[in-house]
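Contents: one structure, followed by commentary.
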Amino acid sequence: MTSHPASTITLVTGASRGLGRSTVLAVAREGGDVVLTYRSQADEAQSVVADIVALGRKAVALQLDTGAVSTFPAFVERLRVALRDTWQRERFDHLVNNAGHGDVAPIAATTEQQFDRLVDVHFKGVFFLTQALLPLLDDGGRIVNLSTGLTRFAYPGYAAYAAAKAAVETLTVYMAKEFGARGITVNAVAPGAIETDFGGGAVRDDAEINRHLANLTALGRVGLPDDIGPMIASLLGDANRWVTAQRIEVSGGQAI
Ligand SMILES: NC(=O)c1ccc[n+]([C@@H]2O[C@H](COP(=O)([O-])OP(=O)(O)OC[C@H]3O[C@@H](n4cnc5c(N)ncnc54)[C@H](OP(=O)(O)O)[C@@H]3O)[C@@H](O)[C@H]2O)c1
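Here it is as structure tokens:
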């Protein structure tokens, strides 16, 4: 089991469902506390908080649209209040930039609005949210940015999404360089296809797509949220303290 000191606080964006939810539950099972954010599903976020409290850990859920940079200063203030009221602390330990949506469209049909939203959420938001949170992130902490297997292999319809994630992979290396002096590690986790609500839940709900992707995967199936969350939690643990500036694909060997 990865060791998480009892006082460790991990902030995971977009943890009301899917991979973020699996991550915060894995962190809690390993003895860490969490701040989770959600965009619209307050009820689901509160039910994740209840699950974490049932595991004996502390959790707070805060609303945040990671594509709306102008709202970040107010979010930082709400986070300050939550840290003070719940933990009597001014800083947290780990940041997982996970929130995101899928929007599948071929290049020929992608609108400027679709493109801008993908870039705002998956790249610009990650850049400026991390910038805004830097004063609250403890020295010696960790940052994990969610990327995708689609930066290594190409599926039609994911050009804008995958290009934004590729930007995050480059950003990850620069963050590792600039934040290293504070003892902060920064890595990108790149999942393969996982059964979540992402992209309308196609990987989970469309049997043909699911079978096709399973056949392309060395381990013979598509991924489940719990193939990813515990891996991210382990990356936050002390055993991985010397891993930084890496893109780590977690895809069961998809398209190799
Ligand atoms: N599933 C896959 O196959 C796969 C593969 C590779 C990478 N990824 C990446 O993994 C991350 C998580 O995906 P997932 O599969 O867990 O998706 P998901 O099941 O659809 O969950 C998305 C989560 O992110 C939140 N969210 C979405 N857009 C947001 C925004 N603009 N601002 C703030 N929160 C937002 C949602 O909040 P609400 O519940 O409130 O809407 C929800 O908590 C994403 O970055 C995605 O690109 C997924």
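Note that the numbering used here gives residue 137 to position 137 of the sequence shown, counting from 1, and the numbers run on in steps of one. A virtual CB, placed ideally from N, CA and C, is assigned to each residue, including glycine.
Under the DSSP definition of a beta bridge, which residues are partnered with residue i?
| i | result |
| --- | --- |
| I232 | Paired residue(s): none; I232 is not in a bridge. |
| G223 | I194 |
| E249 | A190 |
| N145 | N97 and A188 |
| F123 | In the DSSP output, where bridge partners are listed per residue, F123 has none listed. |
| Y38 | Q63 |
| L133 | Answer is none; L133 lacks a bridge partner. |
| Q254 | T217 |
| L19 | Answer is none; L19 lacks a bridge partner. |
| D33 | I9 |
| F92 | L137 |
Tell me which residues share the same chain as residue i and place their Cβ nearer than 8 Å to its Cβ, disregarding the 5 neighbours each side in the sequence.
| i | result |
| --- | --- |
| T244 | A176, G180, T185, V186 and N187 |
| T71 | L64 and D65 |
| A218 | G252, G253, Q254 and I256 |
| G183 | D139, G140 and G141 |
| A82 | V35, V60 and L62 |
| W87 | S7, I9, D33 and K58 |
| N210 | E195, V203, R204 and V222 |
| R241 | T185 |
| R84 | E90 |
Closer than 7 Å by C-beta to residue i: which residues in its own chain qualify, once you throw out the five before and the five after it? Chain order, please.
| i | result |
| --- | --- |
| F123 | A164, A167 and V168 |
| M1 | Unreliable positioning characterises M1 in this predicted model, as indicated by a pLDDT of 49, which lies under 50. The coordinate reading is nonetheless provided below. So the qualifying residues of the chain are E30. |
| I107 | A159 |
| R51 | A small correction: the amino acid at residue 51 is Asp; Arg does not occupy that position in the sequence shown. Same-chain partners within the cutoff: L25. |
| L216 | Q254 and A255 |
With the cut-off set at 8 Å, would you say residue i and residue j are in Cβ contact?
| i | j | result |
| --- | --- | --- |
| N145 | T23 | no |
| V189 | I232 | yes |
| V12 | V34 | yes |
| P191 | I143 | no |
| A61 | V49 | yes |
| Y161 | G102 | yes |
| Y265 | V104 | Residue 265 falls outside the range modelled here, since the chain spans only 1 to 256, and no answer is possible. |
| L171 | V126 | yes |
| A239 | L213 | no |
| F128 | V69 | yes |
Report, in whole angstroms, the separation of the C-beta atoms of residue i and residue j, which I expect to be a contact under 8 Å.
| i | j | result |
| --- | --- | --- |
| T196 | R17 | 7 Å |
| T10 | V119 | T10 to V119, Cβ: 26 Å. No contact. |
| D93 | T8 | 5 Å |
| P73 | A154 | At roughly 38 Å, the Cβ-Cβ gap does not stay under 8 Å, so P73 and A154 are not in contact. |
| E249 | R152 | 7 Å |
Kindly list the residues whose CB is nearer than 6 Å to the CB of residue i, restricted to its own chain and excluding five residues on each side of it in sequence; keep chain order.
| i | result |
| --- | --- |
| P230 | A26 |
| G20 | V12, G14 and N98 |
| F198 | G102 |
| R91 | L136 and D138 |
| R204 | E195 |
| S224 | Position check: residue 224 holds Leu in this sequence, whereas Ser was assumed. Cβ neighbours of L224 beyond the five flanking positions: E195. |
| S47 | none |
| T110 | A160 |
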